[in-house]
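*Asks:* Following this message is one structure expressed as structure tokens.
Number of protein chains: 2
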Amino acid sequence: MLYRTHNCGELCKKDIGKKVVLSGWIQKIRNLGSLIFIDIRDYFGIIQLIFSKNLIQNHFNLGKEFLIKVNGKVVKKKSKNYNISTGEIEILVSKLEILNPSISPPFIIEDKTDGDEESRMKYRYLDIRRNPIKNNLILRHKISIEIRNFLSKNGFIEIETPLLINHTPEGARSFVVPSRIHSGKFYSLPQSPQLFKQLLMIGGIDKYFQIVKCFRDEDSRSDRQIEFTQIDCEMSFVEVNEILIFFEYFIKYIFKKIKNIQLEPFTCITYSDAMTKYGTETPDLRFVIKILDINNFIPKNEFEYFQKKKFIIVINVLKCSHYTYDQIYSIIKSIKKSKIEDKEIFWVKFFPDKTFIYSKKKLFTRENLVKIIKNINSNPGDLLFIFFSKKIQTKIKINKLRIDISNCLNVLKNYQIFKPLWIIDLPLLEWNEKFQRYRSFHHPFTSPKKEDIHLLEKFPGDIRSKSYDLIINGVEIGGGSIRIHDKKIQNLIFKHLGLSIKEIKSEFGFLIKALEYGAPPHGGIAFGLDRLLSVLEGKGNIKDFIAFPKNNSGKDIMVNSPSFLKEKKLKELNI
Amino acid sequence: MLYRTHNCGELCKKDIGKKVVLSGWIQKIRNLGSLIFIDIRDYFGIIQLIFSKNLIQNHFNLGKEFLIKVNGKVVKKKSKNYNISTGEIEILVSKLEILNPSISPPFIIEDKTDGDEESRMKYRYLDIRRNPIKNNLILRHKISIEIRNFLSKNGFIEIETPLLINHTPEGARSFVVPSRIHSGKFYSLPQSPQLFKQLLMIGGIDKYFQIVKCFRDEDSRSDRQIEFTQIDCEMSFVEVNEILIFFEYFIKYIFKKIKNIQLEPFTCITYSDAMTKYGTETPDLRFVIKILDINNFIPKNEFEYFQKKKFIIVINVLKCSHYTYDQIYSIIKSIKKSKIEDKEIFWVKFFPDKTFIYSKKKLFTRENLVKIIKNINSNPGDLLFIFFSKKIQTKIKINKLRIDISNCLNVLKNYQIFKPLWIIDLPLLEWNEKFQRYRSFHHPFTSPKKEDIHLLEKFPGDIRSKSYDLIINGVEIGGGSIRIHDKKIQNLIFKHLGLSIKEIKSEFGFLIKALEYGAPPHGGIAFGLDRLLSVLEGKGNIKDFIAFPKNNSGKDIMVNSPSFLKEKKLKELNI
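Here the protein sequences line up with chains A and B, keeping their order. To get the working numbering, take the position in the first sequence, counting from 1, and add 8. To get the working numbering, take the position in the second sequence, counting from 1, and add 8.
So, in structure tokens, the structure goes:
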């Protein structure tokens with residue numbers, strides 16, 4: 009059976025007069041009495057059909073999403089629509105066939121839909137018929153092909169690593185897979201191909217990459233999926249600098265190719281600087297609102313009110329002293345939502361003419377103010393918010409405040425601005441309150457900086473690692489490190505993470521063994537593909553870039569998974 | 009730290025005089041007293057270094073697989089080796105550094121190794137350093153990139169389907185994944201993305217593909233892996249013919265691009281013809297040895313000896329009547345290994361001059377023989393083996409005999425000959441002895457041929473489906489079908505497979521639901537990437553084309569998976 013001679017998007021003016029066969033889904037029906045206009049849609053586009061009343065009368069039940077096939081002739085359209093490729097023509101139908109009828113769809117299948125998230129997930133196949141979702145999937149395909157070809161041309165080879173792997177208790181929770189043949193034993197699904205890509209480097213593969221599914225058994229979070237896709241890369245014989253240079257080139261290439269945007273050279277700051285200046289490890293550089301921790305360099309004895317405060321922090325909104333009281337109070341109001349108390353904040357408008365006005369006049373003299381402004385190197389024209397508190401907890405809210413302020417000021421509305429940032433020298437270890445011991449900041453295979461190794465015994469929290477994260481517009485889209493290739497150092501790190509010799513052997517014995525055969529220096533990086541896409545498109549919801557996402561509690565409500573198994577299956581697996 | 013200015017494969021005559029830094033693994037050491045020659049190897053190649061005795065004496069412990077870094081100068085080599093790219097030069101070393109020592113490797117790391125399979129699996133990272141395995145991985149990368157670009161250019165988009173899916177009891181055994189958050193419930197790992205790709209078609213995606221991991225919980229078989237990679241494709245608005253044409257073009261493209269081989273047009277025969285002519289659904293067309301079932305058209309009453317036999321089959325080896333007695337008896341000897349008894353076989357040499365000689369003279373007259381030869385349309389020059397038996401079981405060994413014979417005749421030795429074959433019209437259902445009911449031959453979503461649907465009630469085993477397999481050189485490398493897009497037919501098939509209305513709803517409810525919204529006609533195919541590679545290279549062992557394969561019982565003996573979990577983890581999962 010011939011379903012079509014053309015698709016619904018390819019016919020245009022030059023095809024006028026042609027006889028065609030088309031198949032597509034009914035998008036719209038307009039009944040003008042003697043003539044009926046029907047728009048049909050397929051993957052490629054939308055086209056208008058004209059039916060005489062006679063032709064259609066046996067099919068009076070036609071409705072939206074019916075799949076129909078028509079024979080007809082391309083004719084010139086009277087009222088042209090230049091917004092779509094087929095807008096200058098229409099099809100005069102001579103024969104109609106219903107290929108498959110449709111019941112009434114649960115939501116509107118157009119660019120704007122009335123479907124709520126639950127309904128769109130349940131009928132995902134209908135949601136995919138909508139341009140916004142379909143185009144996201146096409147974009148995802150396009151970016152994946154570009155990435156593969158780019159890396160391949162640059163000497164990387166894609167190697168598939170196994171998905172049924174061994175379970176290691178380090179890191180986040182893994183999903184496990186019971187073995188039927190080896191009763192009582194389990195495989196594990198990888199959180200990343202970390203150790204396998206390291207083994208590939210040890211195996212002499214020079215540059216590896218893989219676009220690969222990874223799995224994390226995490227509790228509900230709207231910006232994460234339990235299965236997600238990683239662009240995973242590893243290189244041999246490199247140090248941090250070579251990785252940063254190459255992958256800056258890589259990200260620039262993607263942005264140029266996909267968005268036609270030429271990115272500026274990436275900013276690069278240390279983790280410690282990021283925390284001081286922005287109060288976060290994922291600063292958004294799009295808006296010039298700096299955070300200054302003036303706790304240590306304000307002469308507290310000169311400010312009675314500051315004496316008992318644990319910290320003092322300034323958020324400096326550059327060139328915004330022209331903001332009105334109303335605007336400032338709406339900012340203060342929004343800040344209060346973060347449970348910052350009124351008494352913990354005051355503001356200063358430092359005008360271009362070097363005069364200033366400020367709130368909480370009772371607490372500070374003008375002289376005080378001049379000192380503060382000097383201390384923080386504020387410039388005329390700045391708008392300052394100053395926070396102080398007895399409670400150290402307030403401090404961790406500061407980054408959120410910075411973003412709240414920027415939202416109030418509408419600084420973020422332009423989604424076409426991208427400000428990538430490398431954060432380097434992240435800590436090797438971090439103190440874990442729950443386990444009362446140090447744990448890896450990234451993972452246990454991250455190389456410490458050579459000059460910091462001596463801190464291992466006394467100040468393990470101060471050791472910096474050869475690691476890096478890539479942040480774009482406040483979102484971490486990738487991260488990696490130089491790995492340990494020295495068996496002794498790897499054993500030392502395992503020991504400091506609290507692993508016994510027996511545990512090291514049983515869980516990482518193969519790695520330690522592999523390091524004995526001339527393992528090369530190597531390092532790599534992994535990017536979250538779902539995140540990268542959502543940042544590229546300036547949209548927050550990664551679900552819109554995944555064909556069949558799970559909901560926030562890890563359910564696929566379309567196919568109903570997870571679900572109960574039959575007793576027989578459980579028995580077979582001995583669970 | 010600078011590890012290298014060049015890799016070990018790129019330097020040549022034109023670089024003579026250059027100062028270089030190289031890093032690589034020691035492949036060979038030759039100590040000539042005052043001078044020491046060391047070959048180092050990396051991903052790109054191998055190069056010879058010359059050390060003075062003085063330079064090396066602090067490193068007297070150097071051995072194979074040590075990773076070293078050298079500074080040196082490119083000089084002309086006296087005894088040139090034109091087999092390798094760097095064979096006309098060598099490096100006069102001025103500085104040596106050991107980057108990482110190596111203990112003695114468990115097997116020889118050269119093209120030919122003394123490592124047995126177990127050892128090569130356990131130290132897979134060392135096996136990958138060997139060219140044969142490394143080159144297979146590079147080939148796999150290359151073919152994957154070619155496939156992706158080809159399909160992409162032909163309008164297919166790659167869409168990732170989920171790996172944590174719902175469990176359905178149909179088909180082979182699936183692996184399951186317990187959910188921690190939804191206690192007692194399980195995800196399942198896909199055996200193929202079958203239903204998701206169908207949902208994509210229903211979602212209006214015109215052409216989909218995916219190179220994707222699939223999982224099957226099968227018992228040990230050396231030619232299968234529990235996780236394997238599929239090239240999965242699906243198209244809308246097509247019938248069988250369009251799929252065969254496009255994917256013949258696809259396979260031809262791959263062979264041309266990867267092997268520079270222009271394949272002949274593919275042969276296409278029905279399943280029923282394949283069984284009659286070759287006694288198998290995966291015939292190897294490289295050798296012209298036909299099987300003829302003459303049971304029905306030999307006049308048994310004229311051959312006393314045949315009267316009580318259940319079947320008579322002829323294997324006709326074309327143009328081989330010149331084979332000597334010795335050769336024929338070595339064939340007969342090999343045939344006996346298949347437990348065919350001596351009394352169940354005789355042979356005929358039908359010479360070019362139309363005379364013939366034959367074994368078992370007591371049983372047949374020359375007149376008898378002339379009749380047989382006439383009946384099977386044998387030509388002068390043929391060598392015939394005729395099998396007859398009371399036991400029907402012997403019949404199923406015939407295909408193996410055909411292959412045994414061809415092996416004896418060395419017909420298969422040329423691995424550069426490829427004979428692709430489409431098998432079409434496979435049965436929709438097959439009788440399952442164990443379950444005493446019909447089951448799907450492919451899967452329950454395969455469309456029956458319209459003209460056969462009326463057989464459903466009385467002769468379900470006779471229904472042909474709109475399906476096809478691609479066989480190359482006797483190996484099934486792909487298969488697929490047109491799917492059912494009509495809700496009524498899908499329900500009917502489910503019913504005939506013994507599913508109750510309740511079961512249909514709970515297991516395939518989402519599919520039936522999706523078919524209600526104007527599902528398009530669609531069909532597709534899936535190729536086994538591992539198999540395709542092993543056929544392309546003419547090698548049987550698919551493990552050689554997988555970076556980290558499991559052994560025949562599904563174990564990864566390198567990382568030791570599957571393995572036991574800690575009690576705490578099991579508790580968390582409620583299993």
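Backbone N, C-alpha and C define an ideal beta-carbon position, used for all residues, glycine too. Only a predicted model underlies this, so the values are computations on that prediction, with no experimental measurement involved.
Relative to chain B, which residues along the region 514-530 of chain A have a C-beta separation below 7 Å, given in chain order?
*Replies:* 518, 522, 524, 525, 526, 527, 528, 529
*Asks:* Listing by chain order, which chain B residues have their CB less than 8 Å from the CB of residue 221 (chain A)?
*Replies:* Taking the first sequence and counting its residues from 1, the one referred to as residue 221 (chain A) is at position 213. 168, 171, 221, listed in chain order.
*Asks:* Leaving out five residues before and five after residue 398 (chain A) in sequence, what residues of the same chain have Cβ atoms less than 8 Å from its Cβ?
*Replies:* Within the first sequence, numbered from 1, the residue matching residue 398 (chain A) stands at position 390. Here the set comprises 316, 317, 318.
*Asks:* Got a sec? Which residues, its chain only, sit under 8 Å from residue 321 (chain A) by beta carbon, not counting five neighbours each side?
*Replies:* Against the first sequence, residue 321 (chain A) aligns to sequence position 313. Around residue 321 (chain A): 287, 299, 300, 301, 302, 303, 394, 395, 396, 403, 406.
*Asks:* For the alpha helix (DSSP H) containing residue 284 (chain B), list its first residue and its last residue.
*Replies:* As a working note, residue 284 (chain B) is residue 276 in the second sequence. Here the alpha helix (DSSP H) through residue 284 (chain B) covers 279-286.
*Asks:* For chain B, check one thing: does any of its Cβ atoms lie closer than 8 Å to the Cβ of residue 366 (chain A)?
*Replies:* One-based indexing of the first sequence puts residue 366 (chain A) at position 358. No, residue 366 (chain A) lies away from the interface with chain B (no Cβ there is under 8 Å from its Cβ).
*Asks:* Given that a residue counts as buried once 16 or more other Cβ atoms are within 10 Å of its Cβ, and exposed if not, what is residue 572 (chain A)?
*Replies:* Sequence index remark: in the first sequence, residue 572 (chain A) carries index 564 (1-based). Burial call: exposed.
*Asks:* Which first and last residues belong to the beta strand (DSSP E) in which residue 84 (chain B) is found?
*Replies:* Counting from 1 along the second sequence, the entry for residue 84 (chain B) is found at position 76. Residue 84 (chain B) -> beta strand (DSSP E) spans 75-84.
*Asks:* Which residues mark the beginning and the end of the alpha helix (DSSP H) in which residue 410 (chain B) is found?
*Replies:* Mapped onto the second sequence, residue 410 (chain B) falls at position 402. Where residue 410 (chain B) is concerned, the enclosing alpha helix (DSSP H) stretches over 406-416.
*Asks:* Among the residues of its own chain, which have a CB less than 6 Å from the CB of residue 435 (chain A), if the five just before and after it don't count?
*Replies:* For the purposes of this step, residue 435 (chain A) is taken as the residue at position 427 of the first sequence. For residue 435 (chain A), where only same-chain residues beyond five positions count, the Cβ hits under 6 Å are 449.
*Asks:* Identify each residue in the region 176-203 of chain A for which the Cβ-Cβ distance to at least one residue of chain B is less than 8 Å, and report them in chain order.
*Replies:* 177, 181, 183, 184, 185, 186, 187, 188, 189, 190, 192, 193, 194, 195, 196, 197, 203
*Asks:* Can a CB atom of chain B be found closer than 8 Å to the CB of residue 587 (chain A)?
*Replies:* The shown model of chain A, from 9 to 583, leaves out residue 587 (chain A), and the question about it has no answer.
*Asks:* Going by beta-carbon coordinates alone, are residue 56 (chain A) and residue 50 (chain A) separated by less than 8 Å?
*Replies:* By one-based count along the first sequence, residue 56 (chain A) stands at place 48. By one-based count along the first sequence, residue 50 (chain A) stands at place 42. In this structure, residue 56 (chain A) keeps its C-beta atom at 8 Å or more from the C-beta atom of residue 50 (chain A).
*Asks:* Taking residue 604 (chain A) and residue 225 (chain A) to be in contact with their CB atoms under 8 Å, please state how far apart those CB atoms are, rounded to whole angstroms.
*Replies:* Outside the displayed range of chain A (9 to 583) lies residue 604 (chain A), so it cannot be described from this structure.
*Asks:* Determine, using beta-carbon pairs with one atom in the region 75-84 of chain B and one in the region 21-28 of chain B, whether at least three such pairs fall under 8 Å.
*Replies:* yes
*Asks:* Does the structure place the region 181-197 of chain B close enough to the region 241-248 of chain A that three or more beta carbon pairs sit under 8 Å?
*Replies:* no
*Asks:* At what residues does the beta strand (DSSP E) containing residue 366 (chain B) begin and finish?
*Replies:* As a working note, residue 366 (chain B) is residue 358 in the second sequence. Here the beta strand (DSSP E) through residue 366 (chain B) covers 364-366.
*Asks:* Between residue 567 (chain B) and chain A, is any beta-carbon pair separated by less than 8 Å?
*Replies:* Locating residue 567 (chain B) in the second sequence gives position 559, where the first residue counts as 1. Residue 567 (chain B) counts as touching chain A.
*Asks:* When you compare each of B:95, B:504, B:529 to residue 465 (chain B) by their alpha carbons, which one comes out closest?
*Replies:* Residue 465 (chain B) sits at position 457 when you count from the first residue of the second sequence. It is B:504 whose Cα lies nearest to the Cα of residue 465 (chain B).
*Asks:* Under the rule that 16 or more other beta-carbon atoms within 10 Å means buried, what is residue 424 (chain B), buried or exposed?
*Replies:* In the second sequence, residue 424 (chain B) corresponds to position 416, counting from 1. Its Cβ having fewer than 16 others within 10 Å, residue 424 (chain B) is exposed.
*Asks:* In three-state DSSP terms, what is residue 393 (chain B)?
*Replies:* Counted from its first residue, the second sequence places residue 393 (chain B) at position 385. In the structure shown, residue 393 (chain B) sits in a strand (DSSP, three-state: E or B).
*Asks:* Is it true that the CB of residue 16 (chain B) sits closer than 8 Å to the CB of residue 54 (chain B)?
*Replies:* The count along the second sequence starts at 1 and reaches residue 54 (chain B) at position 46. The count along the second sequence starts at 1 and reaches residue 16 (chain B) at position 8. In this structure, residue 16 (chain B) lies closer than 8 Å to residue 54 (chain B) by Cβ.
*Asks:* What does DSSP give as the partner residues of residue 438 (chain B) in its beta bridges?
*Replies:* The count along the second sequence starts at 1 and reaches residue 438 (chain B) at position 430. Paired residue(s): B:447.
*Asks:* Within the region 194-220 of chain A, note down every full alpha helix (DSSP H) run reaching 4 residues or more, in order along the chain.
*Replies:* 202-210
*Asks:* At 4 residues or longer, and completely inside the region 450-509 of chain A: list those alpha helix (DSSP H) runs for me, N to C.
*Replies:* 495-504
*Asks:* Nearest by alpha-carbon distance to residue 408 (chain B): which of B:263, B:344, B:374 is it?
*Replies:* Within the second sequence, residue 408 (chain B) is the residue found at index 400, counting from 1. Proximity to residue 408 (chain B) across B:263, B:344, B:374 peaks at B:344, based on C-alpha coordinates.
*Asks:* With 8 Å set as the bound, which would you pick, yes or no: does the beta-carbon of residue 562 (chain A) sit closer than that to a beta-carbon of chain B?
*Replies:* Along the first sequence, one-based indexing puts residue 562 (chain A) at 554. True, the Cβ-Cβ gap to chain B drops below 8 Å.
*Asks:* Kindly indicate which residue of A:526, A:502, A:524, A:527 has the alpha-carbon position closest to the one of residue 515 (chain A).
*Replies:* On the first sequence, position 507 is the one that residue 515 (chain A) refers to. Selected option, being the one with the closest Cα: A:502.
*Asks:* Consider the Cβ of residue 1 (chain A): report whether some Cβ of chain B lies at a distance smaller than 8 Å.
*Replies:* Any property of residue 1 (chain A) remains undetermined from this structure, which presents chain A solely from 9 to 583.
*Asks:* Distance, Cα to Cα, residue 556 (chain B) vs residue 174 (chain B)?
*Replies:* Reading the second sequence from its first residue, position 548 is the one you call residue 556 (chain B). Reading the second sequence from its first residue, position 166 is the one you call residue 174 (chain B). Looking at the two C-alpha atoms, the distance is approximately 27 Å.
*Asks:* My parser needs the beta strand (DSSP E) runs of 3 or more residues fully inside the region 346-387 of chain B; what are they?
*Replies:* Counting whole runs of 3 or more residues, the region 346-387 of chain B contains the beta strand (DSSP E) stretches 353-358, 364-366.
*Asks:* Terminal residues of the continuous beta strand (DSSP E) containing residue 428 (chain A)?
*Replies:* Counted from its first residue, the first sequence places residue 428 (chain A) at position 420. Here the beta strand (DSSP E) through residue 428 (chain A) covers 428-432.
*Asks:* How far does the beta strand (DSSP E) with residue 566 (chain B) in it reach, from first residue to last?
*Replies:* For the purposes of this step, residue 566 (chain B) is taken as the residue at position 558 of the second sequence. That residue, residue 566 (chain B), is in no beta strand (DSSP E); it is neither H nor E in DSSP.
*Asks:* Determine the closest residue to residue 253 (chain B) out of B:476, B:269, B:569, with distance taken between C-alpha atoms.
*Replies:* Counting from one through the second sequence, the residue named residue 253 (chain B) turns up at place 245. Among B:476, B:269, B:569, the Cα nearest to that of residue 253 (chain B) is on B:476.
*Asks:* At a threshold of 7 Å, does residue 280 (chain B) count as lining the ligand MG (C-beta to nearest heavy atom)?
*Replies:* Absent from the structure shown: the ligand MG. Ligands present: none.
*Asks:* Can you pull the chain B residues whose beta carbon is under 8 Å from the beta carbon of residue 583 (chain A), in chain order?
*Replies:* Counting from one through the first sequence, the residue named residue 583 (chain A) turns up at place 575. Chain B residues near residue 583 (chain A): 186, 583.
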